[in-house]
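> One structure, as structure tokens, below. Some questions next.
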Amino acid sequence: MDRRHFITLVGGGVVMAAGLEGCAEVPDATVAWVSPGSSERDVRRYALAHAILAPNPHNRQPWLARLEGEDAVTLFIDRSRLLPATDPFSRQIVIGCGAFLELLAIAAGAKGHTATVTAFPDGQPADRLDERPFARVVFTRGGALDPLFRNILRRRTTREPYDTARAIPAADLAAVGAAVGPGLRTGAAAGGQALAALKTLARDAYRREVDTPAANQETIDLMRIGDRQIAAHRDGLFLRGPGIEAMRVVGILTPENLARPGTIAFKQARAFADPLCEATAAFLWIVSPGNDRAVQIASGRAYARMALEATARGIAIQPMSQALQEYPQMAPFFARMDRLTAVGPGERLQMLVRAGYAADVPPAPRKGLQDLFRSA
Ligand SMILES: Cc1cc2nc3c(=O)[nH]c(=O)nc-3n(C[C@H](O)[C@H](O)[C@H](O)COP(=O)(O)O)c2cc1C
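If you're matching positions, the sequence shown starts at 3 in our numbering and goes up one per residue.
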């Protein structure tokens, strides 16, 4: 399998063809994307069936729900699904929970309800998450259809090189930024020095992550290789297709090799972001005032809206979070990224995404609605 083929497949952006394992026998890990909640009579369950489709770091899907009374839901973070190496303060996990809440609210609107969200109703945890809920949501009758609703099922994280011949019109870029709403600041770089510098920094930060054993291992532990593993877990990052299968079967692509510098698997994983960063039409980012848990939830809600607006406009996006991460080996990249995105005193860069045009990719796996109701 040639290098490009592996690189294209790493991260699960492309399904080249049916896997060698024989897809017919392997359950589809993406059924959650098909008519979510269509058989549900309870608006809360309908909205939750959409919320689980939210973008979230490493596709950990760290959420749990408890239905209460006739009209409320309390939401918890499953602390067995955190990312301690790459997300030591669980900032990104909370952003993912914010995205979940935004999709929940949008889907409630589509059913003529308003979802009133109280983030961290029992108080905010500090650096470590605890058992307190991340939100309580009350559903009431009367609510408007948000035009972004129709993009929920089409939204993807697109880990592909984008069309380098096609710039994103300034008006579209502005609209995607504006979708974030009030209270947060967005920025964009769509050309010149600013774009070039971000491409290089995002690429180098990605390499640094792979070179950091604990961070790399966290990703490897969540790498689902082949259809059987994908179906068994329905979470994490996935690698599939005949090339991946061939590399797995002959022992080139194994978790051990991904962790071992010098192997083909390690080198290709380390180079994964190179062609992606290069083929990027623009970077967009979201900056918050402060960085408490409520702000992280707001940033996640904003990111969900940004992603849905991009989808509406046919713009592919992929977060590039490495340089935003808080572990010590990333510190020099973090500082440079703050400078490039003009983060001011007291502000926090919450999301950085690459954007451009690409062919459609299939949806990422999801656990089922029922998994939300298990206990942590
Ligand atoms: C806070 C946050 C950080 C993320 N960082 C990255 C990233 O660095 N690289 C990447 O490819 N995807 C990143 N993602 C996207 C997730 O991996 C993606 O949402 C998840 O795998 C589910 O796939 P989907 O968005 O296609 O449904 C991030 C998402 C969130 C919410």
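Where is the CB? At the ideal position from N, CA and C, for every residue including glycine.
Between T159 and ligand 1, is the CB less than 7 Å from at least one heavy atom?
Position 157 of the sequence shown, counted from the first residue, corresponds to residue 159. The answer is yes for T159.
> Between F240, A109, A34, V33, which lies nearest to V45 when the distance is taken from Cα to Cα?
For the purposes of this step, residue 45 is taken as residue 43 along the sequence shown, with counting starting at 1. Ranking F240, A109, A34, V33 by Cα distance to V45 puts A109 first.
> Tell me whether H235 counts as near ligand 1, meaning its Cβ is closer than 7 Å to at least one heavy atom of that ligand.
Counting from one through the sequence shown, the residue named residue 235 turns up at place 233. Result no, Cβ not under 7 Å from ligand 1.
> I need the straight-line Cα distance from V355 to L200, nearest angstrom please.
For this step, residue 355 is matched to residue 353 along the sequence shown. For this step, residue 200 is matched to residue 198 along the sequence shown. Roughly 10 Å between the two C-alpha positions.
> Would you mind stating whether P64 and G98 have Cβ atoms separated by less than 8 Å?
In the sequence shown, the residue the question calls residue 64 occupies position 62. In the sequence shown, the residue the question calls residue 98 occupies position 96. Yes, they are a contact pair.
> Can you tell me the Cβ-Cβ gap for D162 and A296, rounded? I've got them flagged as a contact below 8 Å.
What you label residue 162 is simply residue 160 of the sequence shown in a count that begins at 1. What you label residue 296 is simply residue 294 of the sequence shown in a count that begins at 1. The amino acid occupying residue 162 in the given sequence is Glu; Asp does not appear at that position. Between A296 and E162 the Cβ distance is about 34 Å, and since that is not below 8 Å, they are no contact.
> To the nearest angstrom, report how far apart V345 and R338 are at their CA atoms.
Residue 345 sits at position 343 when you count from the first residue of the sequence shown. Residue 338 sits at position 336 when you count from the first residue of the sequence shown. Rounded to whole angstroms, V345 to R338 spans 10 Å at the Cα level.
> Taking only the alpha-carbon atoms, compute the straight-line gap between G145 and T118 and give it to the nearest angstrom.
Here residue 145 is taken as the residue at index 143 of the sequence shown, counted from 1. Here residue 118 is taken as the residue at index 116 of the sequence shown, counted from 1. Answer to the nearest angstrom: the Cα atoms are 11 Å apart.
> So, using beta-carbon positions, are H52 and G71 closer together than 8 Å?
Translated into positions along the sequence shown, residue 52 becomes position 50. Translated into positions along the sequence shown, residue 71 becomes position 69. The answer is no: Cβ separation not under 8 Å.
> Would D229 be called buried (16 or more neighbouring beta carbons within 10 Å of its own) or exposed?
Counting from one through the sequence shown, the residue named residue 229 turns up at place 227. Buried is the call here.
> Are the beta-carbon atoms belonging to L260 and A248 less than 8 Å from one another?
Taking the first residue of the sequence shown as position 1, residue 260 is located at position 258. Taking the first residue of the sequence shown as position 1, residue 248 is located at position 246. No, these two residues do not count as a Cβ contact at 8 Å.
> Please determine, among P365, V363, E349, A366, the residue with the shortest C-alpha to C-alpha distance to G185.
Your numbering for residue 185 matches position 183 in the sequence shown. Checked all of P365, V363, E349, A366; the closest Cα to G185 is E349.
> Which value, in whole angstroms, describes the spacing of the CA atoms of A281 and R81?
Reading the sequence shown from its first residue, position 279 is the one you call residue 281. Reading the sequence shown from its first residue, position 79 is the one you call residue 81. Distance between the alpha carbons of A281 and R81: 36 Å.
> From P29 to T188, what distance separates their C-alpha atoms?
Numbered from its first residue, the sequence shown carries residue 29 at position 27. Numbered from its first residue, the sequence shown carries residue 188 at position 186. Cα to Cα, P29 sits roughly 40 Å from T188.
> Among Q331, L342, L55, whose alpha-carbon lies nearest the alpha-carbon of L286?
Walking along the sequence shown from the start, residue 286 turns up at place 284. Considering only alpha carbons, the answer is L342.
> Could you give the DSSP three-state label for G145: helix, strand or coil?
For this step, residue 145 is matched to residue 143 along the sequence shown. Coil at G145, not helix or strand.
> What runs of the alpha helix (DSSP H), each 4 residues or longer, lie entirely inside the region 192-277?
Here the runs fully enclosed are 194-213, 215-223, 229-235, 244-251, 257-260, 266-272.
> Could you tell me how far apart the beta carbons of A304 and V182 are, in whole angstroms, since I believe they sit closer than 8 Å?
As a working note, residue 304 is residue 302 in the sequence shown. As a working note, residue 182 is residue 180 in the sequence shown. About 4 Å; that satisfies the 8 Å criterion.
> Whole angstroms are fine: how far does the CA of I246 sit from the CA of R307?
To locate residue 307, count along the sequence shown from 1; it is residue 305. To locate residue 246, count along the sequence shown from 1; it is residue 244. Going by the C-alpha atoms only, they are around 33 Å apart.
> Measure the beta-carbon distance from L203 to F335 and round it to whole angstroms, keeping in mind my assumption that it falls under 8 Å.
In the sequence shown, residue 203 corresponds to position 201, counting from 1. In the sequence shown, residue 335 corresponds to position 333, counting from 1. Right, their Cβ atoms sit about 6 Å apart.
> Should V75 be labelled buried (16 or more other beta-carbon atoms within 10 Å of its own) or exposed?
Along the sequence shown, one-based indexing puts residue 75 at 73. So V75 ends up on the buried side.
> Give the DSSP-derived three-state secondary structure of P59 in the structure shown.
Here residue 59 corresponds to residue number 57 of the sequence shown, with the count starting at 1. Helix at P59.
> Would F240 count as contacting chain B if we go by Cβ distances under 8 Å?
In the structure shown, chain B does not exist; there is a single protein chain.
> Could you tell me the alpha carbon to alpha carbon distance between T10 and A172, rounded to whole angstroms?
Taking the sequence shown and counting its residues from 1, the one referred to as residue 10 is at position 8. Taking the sequence shown and counting its residues from 1, the one referred to as residue 172 is at position 170. The predicted model places T10 with a pLDDT of 45, which falls under 50 and marks its position as unreliable; any figure quoted below should be read in that light. One C-alpha to the other measures close to 29 Å.
> Cutting at 8 Å between CB atoms, please list the residues of its own chain near D4, excluding the five before and the five after it.
Residue mapping note: residue 4 aligns to position 2 of the sequence shown, counting from 1. Reliability of the predicted coordinates at D4 is poor, the pLDDT of 39 falling under 50, and the value obtained from them is presented with this limitation in mind. So no residue of the chain qualifies.
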